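Chemist: So that we are looking at the same thing, I have put the structure below in structure tokens.
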Amino acid sequence: MNETEIRRRLRDAVGDARYPQDLSSRIEVELRQPRKGRPHTHALGLVGAVIAVAIVAALLAPRLLSQNANLPQPQTTAGSQIPDQDLAAAQLANLSNLVTPMQLSAQSGNQRITVLGAYADPARTVLFFRVSPDSGFPILASVNDAYGFLNSSSSAERGVPGDYIFVLDAGPRPGADGLAHLKVMVSSSFSFSIAVEVQPSQNLVAVPARFSLGSWKVTLEVVEATPSVIHVQALIEGASPGEVGPDFATLLDPSGHGVPQVVGSEGVTVPKQQLNSSTYKSTRVNDQWARPAATGTYQLHIRGNGADVVSRLDIPGEAATGKLKGGGGLQPTDYPPAQESLTLQGSLTTSITTGRPSQCGAGTGPDGTVFAFATYFQAAETWYWLDFGTDPRVQQYSGPGTYTVPAWLYTVGPGGPGQVLYQGTVQLTVTSDRRPDASGSVQGILTGLEVIAPQSQVTISGTWTCTWTPELGPG
Amino acid sequence: MLLVEPLLPAAHRLAVGLLRSESDSEDAVQIALLNAWRHFGRFRRGSDLKPWLLTIVANECRRQRRNRWWSVIKGPDLVNTRSDESTTDDPAIADLRRALYRLPHEQRLVLILRYYLDLPFEEVAQTLGISNKAARSRTYRALTRLRFSPEVTPDE
Numbered sequence: 000m001n002e003t004e005i006r007r008r009l010r011d012a013v014g015d016a017r018y019p020q021d022l023s024s025r026i027e028v029e030l031r032q033p034r035k036g037r038p039h040t041h042a043l044g045l046v047g048a049v050i051a052v053a054i055v056a057a058l059l060a061p062r063l064l065s066q067n068a069n070l071p072q073p074q075t076t077a078g079s080q081i082p083d084q085d086l087a088a089a090q091l092a093n094l095s096n097l098v099t100p101m102q103l104s105a106q107s108g109n110q111r112i113t114v115l116g117a118y119a120d121p122a123r124t125v126l127f128f129r130v131s132p133d134s135g136f137p138i139l140a141s142v143n144d145a146y147g148f149l150n151s152s153s154s155a156e157r158g159v160p161g162d163y164i165f166v167l168d169a170g171p172r173p174g175a176d177g178l179a180h181l182k183v184m185v186s187s188s189f190s191f192s193i194a195v196e197v198q199p200s201q202n203l204v205a206v207p208a209r210f211s212l213g214s215w216k217v218t219l220e221v222v223e224a225t226p227s228v229i230h231v232q233a234l235i236e237g238a239s240p241g242e243v244g245p246d247f248a249t250l251l252d253p254s255g256h257g258v259p260q261v262v263g264s265e266g267v268t269v270p271k272q273q274l275n276s277s278t279y280k281s282t283r284v285n286d287q288w289a290r291p292a293a294t295g296t297y298q299l300h301i302r303g304n305g306a307d308v309v310s311r312l313d314i315p316g317e318a319a320t321g322k323l324k325g326g327g328g329l330q331p332t333d334y335p336p337a338q339e340s341l342t343l344q345g346s347l348t349t350s351i352t353t354g355r356p357s358q359c360g361a362g363t364g365p366d367g368t369v370f371a372f373a374t375y376f377q378a379a380e381t382w383y384w385l386d387f388g389t390d391p392r393v394q395q396y397s398g399p400g401t402y403t404v405p406a407w408l409y410t411v412g413p414g415g416p417g418q419v420l421y422q423g424t425v426q427l428t429v430t431s432d433r434r435p436d437a438s439g440s441v442q443g444i445l446t447g448l449e450v451i452a453p454q455s456q457v458t459i460s461g462t463w464t465c466t467w468t469p470e471l472g473p474g
Numbered sequence: 000m001l002l003v004e005p006l007l008p009a010a011h012r013l014a015v016g017l018l019r020s021e022s023d024s025e026d027a028v029q030i031a032l033l034n035a036w037r038h039f040g041r042f043r044r045g046s047d048l049k050p051w052l053l054t055i056v057a058n059e060c061r062r063q064r065r066n067r068w069w070s071v072i073k074g075p076d077l078v079n080t081r082s083d084e085s086t087t088d089d090p091a092i093a094d095l096r097r098a099l100y101r102l103p104h105e106q107r108l109v110l111i112l113r114y115y116l117d118l119p120f121e122e123v124a125q126t127l128g129i130s131n132k133a134a135r136s137r138t139y140r141a142l143t144r145l146r147f148s149p150e151v152t153p154d155e
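So the protein lines, in turn, are chains V and X. Per numbering that gives the first Met the number 0, residue 0 is the first one in the first sequence, and the count goes up by one each step. Per numbering that gives the first Met the number 0, residue 0 is the first one in the second sequence, and the count goes up by one each step.
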């Protein structure tokens, strides 16, 4: 019996499914009902079907963007006031003056969509929309910055009737003028070009930042406080996304109460085409919590694979408007200069003769003894942060010698290291680790992350030095 | 609402295939869409939407079937079979129907996805959250349990 016959017999057995033409309108009525409470801690709010449009839009974005001449062009009108309810839904109630107001409208058929404003920081991009007439369905947008599609989980919230807030769980990358230039597509019918300032974040120090959960190896790649959220990005080696539970990370305030989580997503670390039995066992987690108002030492509970680790986080209080601007933490130039002889070649080519080391030396952590080196450096008037050090889960640091170690190259924002651009494994040779001076060499290749440029590579080689000061870890 | 239309027929057809009740199917689709709405934070952009949504619909259908033991049996709103329901049903078709709805949910689901929704094995696998090979294997086992020829080799 072939599949055609099987199909015919099963359809006879099940019968016809007559699709009721009014089903969509009945669902629409149901969805228009006011929401009762907030049943889930994640940012909520989209009908799956609407998602399809965004995905299609994302897939078609390059083509659609090239056809913008055929799309309704946005109109700008003076004056924009974003309702408090919209701001509160976006977790931006106290940060209204960090939201760039705008009035960009586009019309397709009888529907008009207006962009009321935008907010961005390294962890999230928030867009405020007004839909007229109100469709009852939240907006789902596809967002490109100057470097390409922002591939991230997203969510939507309702504001006042007709207003929808779209939140992308990733920050845009600013251009040379310091603004992020975004192309926003809503379905395939509306296109907007907007510029938004990317608010700075403050890098937080998590102790420990690398640890094991049973057989899983966890690296906290990003721990930062943006004006609106606490953002943690973790790489879990040894776990597939399905094995990472929804309670993987929990943030507790100093009195032990949970901080409201606004984002929790996990996914594979490579494009789908590169998935295999090995790469599938690597997961990147993106968690965000509402920015706490109170300064204090918080606890980041990480659990999974039958194990539990608590990482300590010193979090500054909720940022007043613009408070972070100018840097909440130490700036690269706050660290003493050190003579380096490092060469980067490839996607980023430069010679580093002077660095600003911010980590230097050997120390003992929960997993054993480590050696760490990290330095700020400037290339073409842009600051970067290079970080490498021994991984005690792989090999304990036992004094001068050569080690195979992980390395990262970060962007730098006003609050310190920002986004990971490249990562890889390098050969680290420690010649001297005696305080106050340490020195050695490094050799290896770093590869661009998927979100930046997956095909790009940077080769690093040369020697490094640093002078230990109390600001420098580990210790 | 226009934006929602393309996905609803598949969602509805899946619900009908699993529940065989028009009213229950519509309820299931509505609840599933509400669940999708509420849990959109779990959806990862760049993933395929259709399997994600069908998974939610299938889960809701399973929940409804589990709850049926105490539910009031509803009126005769079963979907129409080609042979105008069981009184004039081909006995073989009636047997097949009974056997199909006695299958465990996972096996019935794989058959509905493959043969009632005409999904390729890749989408069946994505909906079930299993590998393509496992989807084929599950299909084969379900067909065998229905006493279809075990020699059947699902083609694409």
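Glycine included, each C-beta is placed from N, C-alpha and C at the ideal position. Note that the structure is a prediction, hence the values are computed from the model and not measured.
1) Starting from the C-beta of V:L167, find all residues in its chain whose C-beta is less than 7 angstroms away, skip the five residues before and the five after it, and write them out in chain order.
2) Let me check understanding here. Comparing Cα to Cα, which of V:N96, V:S460, V:P435 and V:E339 lies closest to V:A195?
3) May I ask you to list, following chain order, the residues of the segment 106-120 of chain X that have a beta carbon less than 7 angstroms from some beta carbon of chain V?
4) Taking only three categories from DSSP, how would you classify V:L149?
5) Would you please verify whether the beta carbon of V:P19 is less than 8 angstroms from any beta carbon of chain X?
6) Report the rounded CA-to-CA distance for V:T381 versus V:L178, giving the unit in angstroms.
7) Any idea if V:H256 is buried or exposed, counting beta-carbon neighbours within 10 angstroms, 16 or more meaning buried?
8) Would you check if the distance between the CB atom of X:L32 and the CB atom of V:I301 is smaller than 8 angstroms?
9) Alpha carbon to alpha carbon, what distance is there between X:A35 and V:A238?
10) With distance defined between alpha-carbon atoms, name the residue in V:G295, V:V13 and V:P226 nearest to V:P253.
11) Cβ closer than 8 angstroms: which chain V residues qualify as neighbours of X:H11?
12) Show which residues of chain V have a CB atom less than 9 angstroms away from the CB atom of X:Q63.
13) Check each residue of the segment 232-251 of chain V: if its Cβ is closer than 9 angstroms to any Cβ of chain X, include it; give the result in chain order.
14) Rounding to the nearest angstrom, what Cα-Cα distance links V:T401 and V:Q394 in this structure?
15) Tell me whether the beta-carbon of V:A12 lies closer than 8 angstroms to the beta-carbon of X:L112.
16) Just to make sure I have the definition right: I need the residues of chain X whose C-beta is within less than 7 angstroms of the C-beta of V:A12. Which are they?
17) In angstroms with no decimal places, state the Cα-to-Cα distance between X:G128 and X:L6.
18) At what residues does the alpha helix (DSSP H) containing X:P8 begin and finish?
19) Per the DSSP calculation, V:H180 is bridged to which residue(s)?
20) Give me the chain V residues within the contact set of X:R19, using Cβ-Cβ distance strictly less than 9 angstroms, ordered along the chain.
21) Which residues does DSSP pair with V:I235 in a beta bridge?
22) With DSSP as the reference, identify every bridge partner of V:V429, one or two as the case may be.
23) Helix, strand or coil for V:I444 per DSSP?
24) Quick check: what's the CA-CA separation for V:D286 versus V:G266?
25) Looking at the structure shown, is V:E380 part of a helix, part of a strand, or coil, going by DSSP?
26) Output yes if chain V places a C-beta closer than 8 angstroms to the C-beta of X:L102; else output no.
27) Can you name the residues that DSSP bridges to V:G295?
28) Does V:A343 get closer than 8 angstroms to chain X when you measure Cβ to Cβ?
29) Can you tell which of V:H230, V:L251 and V:V269 has the C-alpha that lies nearest to the C-alpha of V:V262?
30) Tell me the DSSP secondary structure of V:V159 in three-state form.
31) With the cut-off set at 8 angstroms, would you say V:S200 and V:D120 are in Cβ contact?
32) Considering only C-alpha positions, which residue in the set X:R107, X:R144, X:R137 and X:S22 is nearest to X:N58?
33) Report the three-state DSSP secondary structure of V:Q84 (helix, strand or coil).
34) How long is the line joining the alpha carbons of V:L59 and V:N275, rounded to whole angstroms?
35) Among V:G305, V:P356 and V:T466, which residue has its Cα nearest to the Cα of V:S214?
36) At least one CB of chain X closer than 8 angstroms to the CB of V:I112: is that the case?
Modeler: This is what the structure holds:
1) Taking the first residue of the first sequence as position 1, residue 167 of chain V is located at position 168. Excluding sequence neighbours, V:L167 sits near R123, T124, V142, L149, S151 and S153.
2) To locate residue 195 of chain V, count along the first sequence from 1; it is residue 196. The question names Ala, but residue 195 of chain V in the sequence shown is Val. Nearest option by C-alpha distance: V:N96.
3) Hits within the stretch, in order: L110, Y114 and Y115.
4) Translated into positions along the first sequence, residue 149 of chain V becomes position 150. V:L149 falls in the coil class under three-state DSSP.
5) One-based indexing of the first sequence puts residue 19 of chain V at position 20. Using a Cβ-Cβ cut-off of 8 angstroms, V:P19 counts as an interface residue toward chain X, since at least one Cβ of chain X sits closer than that to its own.
6) In the first sequence, residue 381 of chain V corresponds to position 382, counting from 1. In the first sequence, residue 178 of chain V corresponds to position 179, counting from 1. Distance between the alpha carbons of V:T381 and V:L178: 15 angstroms.
7) Position 257 of the first sequence, counting from 1, holds the residue named residue 256 of chain V. A residue is called buried once 16 or more other Cβ atoms fall within 10 Å of its Cβ, and V:H256, having fewer, is exposed.
8) Indexing the second sequence from 1 puts residue 32 of chain X at position 33. Indexing the first sequence from 1 puts residue 301 of chain V at position 302. Going by C-beta atoms, X:L32 is not nearer than 8 angstroms to V:I301.
9) Numbered from its first residue, the first sequence carries residue 238 of chain V at position 239. Numbered from its first residue, the second sequence carries residue 35 of chain X at position 36. Distance from the CA atom of V:A238 to the CA atom of X:A35, rounded to whole angstroms, is 25 angstroms.
10) Within the first sequence, residue 253 of chain V is the residue found at index 254, counting from 1. Ranking V:G295, V:V13 and V:P226 by Cα distance to V:P253 puts V:G295 first.
11) Mapped onto the second sequence, residue 11 of chain X falls at position 12. Near X:H11 (Cβ distances below 8 angstroms), the residues of chain V are A16, Y18, P19 and L22.
12) Here residue 63 of chain X is taken as the residue at index 64 of the second sequence, counted from 1. Chain-order list of chain V residues neighbouring X:Q63: empty, with the shortest C-beta distance near 16 angstroms, by a criterion of under 9 angstroms.
13) Of all residues in the segment 232-251 of chain V, the ones placed with a Cβ closer than 9 angstroms to any Cβ belonging to chain X are P240, G241 and P245, in chain order.
14) Residue 401 of chain V sits at position 402 when you count from the first residue of the first sequence. Residue 394 of chain V sits at position 395 when you count from the first residue of the first sequence. Per the coordinates, the alpha-carbon of V:T401 lies some 11 angstroms from the alpha-carbon of V:Q394.
15) In the first sequence, counting from the first residue as 1, residue 12 of chain V sits at position 13. In the second sequence, counting from the first residue as 1, residue 112 of chain X sits at position 113. Going by C-beta atoms, V:A12 is not nearer than 8 angstroms to X:L112.
16) Counted from its first residue, the first sequence places residue 12 of chain V at position 13. Within chain X, the residues whose beta carbon sits less than 7 angstroms from that of V:A12 are I92, L95, R96 and L99, listed in sequence order.
17) Residue numbering aside, residue 128 of chain X sits at position 129 when the second sequence is read from its first letter. Residue numbering aside, residue 6 of chain X sits at position 7 when the second sequence is read from its first letter. Approximately 19 angstroms between the Cα atoms of the pair.
18) Locating residue 8 of chain X in the second sequence gives position 9, where the first residue counts as 1. Here the alpha helix (DSSP H) through X:P8 covers L7 to L18.
19) Residue numbering aside, residue 180 of chain V sits at position 181 when the first sequence is read from its first letter. The partner list for V:H180 (beta bridge, DSSP) reads V:A194.
20) By 1-based counting over the second sequence, the position of residue 19 of chain X is 20. Residues of chain V passing the Cβ test: V13 and G14.
21) Sequence index remark: in the first sequence, residue 235 of chain V carries index 236 (1-based). V:V217 and V:T282, per the DSSP bridge assignment.
22) Translated into positions along the first sequence, residue 429 of chain V becomes position 430. DSSP, once it has assigned bridges, lists V:G400 and V:G439 as partnering V:V429.
23) On the first sequence, residue 444 of chain V is found 445 positions in, with the first residue counted as 1. Strand.
24) By 1-based counting over the first sequence, the position of residue 286 of chain V is 287. By 1-based counting over the first sequence, the position of residue 266 of chain V is 267. Rounded to whole angstroms, V:D286 to V:G266 spans 12 angstroms at the Cα level.
25) Locating residue 380 of chain V in the first sequence gives position 381, where the first residue counts as 1. DSSP places V:E380 in coil when its eight states are reduced to three.
26) Indexing the second sequence from 1 puts residue 102 of chain X at position 103. By this cut-off, X:L102 is not an interface position.
27) Counting from one through the first sequence, the residue named residue 295 of chain V turns up at place 296. DSSP, once it has assigned bridges, lists V:I314 as partnering V:G295.
28) For this step, residue 343 of chain V is matched to residue 344 along the first sequence. Residue identity check: residue 343 of chain V is Leu in the sequence provided, not Ala. V:L343 does not count as touching chain X.
29) If you number the first sequence from 1, residue 262 of chain V lands on position 263. Shortest Cα-Cα distance from V:V262 to any of V:H230, V:L251 and V:V269 involves V:H230.
30) Position 160 of the first sequence holds residue 159 of chain V. DSSP places V:V159 in coil when its eight states are reduced to three.
31) Residue mapping note: residue 200 of chain V aligns to position 201 of the first sequence, counting from 1. Residue mapping note: residue 120 of chain V aligns to position 121 of the first sequence, counting from 1. Yes, they are a contact pair.
32) Along the second sequence, read from residue 1 onward, the residue named residue 58 of chain X stands at position 59. Considering only alpha carbons, the answer is X:R107.
33) What you label residue 84 of chain V is simply residue 85 of the first sequence in a count that begins at 1. Here DSSP, grouped into helix, strand and coil, assigns V:Q84 to helix.
34) The sequence position of residue 59 of chain V within the first sequence is 60, counting from 1. The sequence position of residue 275 of chain V within the first sequence is 276, counting from 1. At V:L59 the pLDDT is 38, less than 50, meaning the model places this residue with poor confidence; the figure from the coordinates comes in the next sentence. Those two C-alpha atoms are separated by around 26 angstroms.
35) On the first sequence, position 215 is the one that residue 214 of chain V refers to. With distances taken between Cα atoms, V:S214 lies closest to V:G305.
36) As a working mapping, residue 112 of chain V is identified with position 113 in the first sequence. False, the Cβ-Cβ gap to chain X never drops below 8 angstroms.
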